[in-house]
Every structure is written in C-alpha cells, then in structure tokens.
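For what it's worth, the UniProt record's numbering labels the leading residue of the sequence shown as 1, then goes sequentially.
Quick reminder that beta carbons are idealized off the backbone N, C-alpha and C, glycines included.
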Amino acid sequence: MPHTEFPNPGLQVLSAFIHFIGVTILTFFFSRRLFAEELTTRRGWASLTWPRLCILLVLIGSYLFMFATGLLIFGVGLESNTTTCTAAIALCIALYTGSKVLIYSFLTEKVYIVWANDTRRLKNPVYLVCMGTILIYVVVVVVLFMERIATFRPGDDACVIGLKPTASIPLLSYDLYINVLLTCLFLWPLLRIKFASPALKQVATRTLVASAVALTTSTVNITVLTILKGRELGWLCLGTCGVDVLFNAAALFWVTSGREARNGSASPTDNQVTLDSVSDMMGSKIEQPAARQRRRPFDNKSSQLWRAESSASLTEFHTHVKTTVDIPLGQTTATEESEQPDLPRAEPCASDTRSLKMIDAHPEPSL
1 MPHTEFPNPG
11 LQVLSAFIHF
21 IGVTILTFFF
31 SRRLFAEELT
41 TRRGWASLTW
51 PRLCILLVLI
61 GSYLFMFATG
71 LLIFGVGLES
81 NTTTCTAAIA
91 LCIALYTGSK
101 VLIYSFLTEK
111 VYIVWANDTR
121 RLKNPVYLVC
131 MGTILIYVVV
141 VVVLFMERIA
151 TFRPGDDACV
161 IGLKPTASIP
171 LLSYDLYINV
181 LLTCLFLWPL
191 LRIKFASPAL
201 KQVATRTLVA
211 SAVALTTSTV
221 NITVLTILKG
231 RELGWLCLGT
241 CGVDVLFNAA
251 ALFWVTSGRE
261 ARNGSASPTD
271 NQVTLDSVSD
281 MMGSKIEQPA
291 ARQRRRPFDN
301 KSSQLWRAES
311 SASLTEFHTH
321 VKTTVDIPLG
331 QTTATEESEQ
341 PDLPRAEPCA
351 SDTRSLKMID
361 AHPEPSL
C-alpha cells in the first residue's frame, strides 16, 4: 500500500497541517491579489507591471509547490517506488528555485526604484549588478539538478532526498551573498539619503523588511540541509521548503499591500475627491488657506479632470489640478469665480524624480 514513513503520528499531523494550511493561506493571498489587480478586465491586464506579475507568479508557484508536494506525501506516498521519490526532489528544486528567481526579480525592480537616480535600467550599475546576480543563480539551479539525491534508507526504506555537498555549499554561499547584497542596497539609502517623498522611503523600508524575512528563512533552510550533509527524509525536506516558500509569499504579499485608510470614514466617491487625497498621491502635504481648513470636494468639472489625468505623471498632474471652495456640488458663489492658486508641486530633495514618477504612475493596489 502506498505510504510515507513518519517517525510518529504527531509529526505526520504536523506535516499535514503545514501543507493544508499553506494551501489555504496561499489561496487567500492569490484571490486578494487577483481582486486588487482587476485581472478580470482588459484594463487590469493593460496596467499590469512586471513587479506585480512577479508577485502573482510567486503566489501561483508557491501554491503549486504546497499542493503537489502534499499530494505526493499524503496521496501517492513517497515510499511507493523510486520514481515517486525522485519526482519529489525534482519537483522541489523546480518550483522552489523558480519562485526564488521571481522573488529576486521583484526585489531587483524595487532596488531600481530606490536607486534609479534618473538613469535607465541598462545604464544603472546597481540594477546591472542585481541582474548579473540572478544569472549566477541560474547556473546554481543547473548544478542542483545535476547533484540531487533521491534514495531509500536501508532498514525501513524511507525516502531520503537532498543535495550533494557540491550543490548545497554553492547554494548556501549564494543565499548568504544575495542576502547581504539586497539588505545593503535597501539599508544604505535609508541611513544616508534624504528621500524626496515619504512614498519612496516607505518602498525602501517595507521592501527591506520583506527581503530580510524572505532571504533569512531561505538561508536557515539551506544551512540546516548543509549541516545534515545534504540528506533529509522526504517529508521533512518538502515540509521545511514549504514553510520557506510560505514565508516568502507572505512577506511579498505584505510589502505589496496597499495602505489602509487612516481613518474609519469611507473613501471619497468619484464626485468627492478631496484635497487630502490628492496630497497623499503627490507625496506632500498641501497647505490650505486659513478660511478653508475643512476638506473640500472638487466640483464635477474638476473631478472629471482629475480622473482624466490620474494616469499622467506627477508633473502633468500638477499643472491641471485647482483647489475649490467647500460648498455643495452644483452651487456657485462669487468666491468661486476668482482664480484659485495652483497646488504646490512635490519637489524631490534628491535627484530621483524618475523614482517618484514610477511610484505615482504604478502605485500598489489597495487590498
């Protein structure tokens, strides 16, 4: 009868819990991202950027990993035959490393946003270093497939999978290297640079935390495998890798989650776009006249103009938006007839206007 050998029922329950709860959590993450990106519409696909696509692919890959490995352990049984045991390590390497490539690609895009400094990707040395690092990982992945282990333990015929030292040591070295590299690339600007916008600083801070969590769990996982000389019981190896991909997915889901409303009030409607919401988008606080301290809705004409220009760059958006008085829609007063001053422009403190435009043009969706 097909089965998977467990030392005791408690560890079997723990392994089942990891896979089943992992599938549930990843389903929640994916459904929320799918809803936020509006991929059921043509507009959603048209506005889908490469970093957001990376997140969706990471969630899909993580889900497939948890589902497929759970099926092998509790459905087919790792001890069924040699093919099943071999498929376990091959599936682990393929889906695990595939998700890592996507995670590194996403973090590279975030690094570029922080370090853009008005330069294009192929002319930005930091971006080129990160891309070169990802290409090195592709070489490591090839070595992993060539040096994988899949055998049965003498005595109880338990499936043992893993990596030979010629593969586990390079993988551990690479994880340590990229962990230090990405941490420094996000930490250095936070310590030494005055950011032009709170939004840009928030991108660096949140991505630093997410990358630290994701990369640290991977390093710990590979370190344990290396200490065990590259050999682990099949269910244990798949379980630890499952926890790793689950933490990675949770970290990326958190870093790409939209900001919650700062108060409990409902968000403005299409015809009630407030000055504060415009200020938030532009990354600066708008100074209102003393006689107009309350929130002031735009009239219908201004609202239509705002919607038409919402996809434009920060500079183009600034030249069109005008402040209005706090009166009900459809009514006019003599005060409105006077020309209103332009909204102040959010000037960066450093030469990173390209980064600001990238954030304003492609903000993360609210979940």
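- Three or more beta-carbon pairs drawn from the region 233–253 and the region 201–220 are found closer than 8 Å, and the two stretches are therefore classed as touching.
- A Cβ-Cβ distance of about 5 Å is found for the pair Leu144 and Ile93, placing them in contact under the 8 Å criterion.
- Looking at the backbone, the Cα of Tyr104 and that of Lys110 are separated by about 10 Å.
- According to the DSSP assignment, Ile113 belongs to the alpha helix (DSSP H) that extends over Thr82 to Trp115.
- Counting other Cβ atoms within 10 Å of its Cβ, Lys229 stays below 16 and is therefore classed as exposed.
- For Arg231, the secondary structure class from DSSP, reduced to helix, strand or coil, is strand.
- For Thr27, the enclosing alpha helix (DSSP H) covers residues Pro9 to Glu37.
- For Trp254, the closest C-alpha among the options Glu5, Arg52, Ser15 and Thr41 is that of Arg52.
- Per DSSP, the beta-bridge partners of Gly162 are Ile149 and Arg231.
- Excluding five sequence positions before and after Tyr174, the CB atoms of its chain that fall closer than 8 Å to its own CB belong to Ile136, Tyr137 and Val140, given in chain order.
- Put simply, of Trp188, Val101, Ala87 and Gly44 the residue whose alpha carbon is nearest the alpha carbon of Ile149 is Ala87.
- In this chain, the alpha helix (DSSP H) harbouring Ser62 covers Trp50 to Leu71.
- Residue state for Ser257 is assigned as coil, using DSSP reduced to three classes.
- Pairing Ile89 with Ile18 gives a Cβ-Cβ distance that is not under 8 Å.
- Nearest to Asn248 by alpha-carbon distance, out of Val203, Gly10 and Ser99, is Ser99.
- Ranking Thr256, Leu238 and Ser257 by CA distance to the CA of Ser62 puts Leu238 first.
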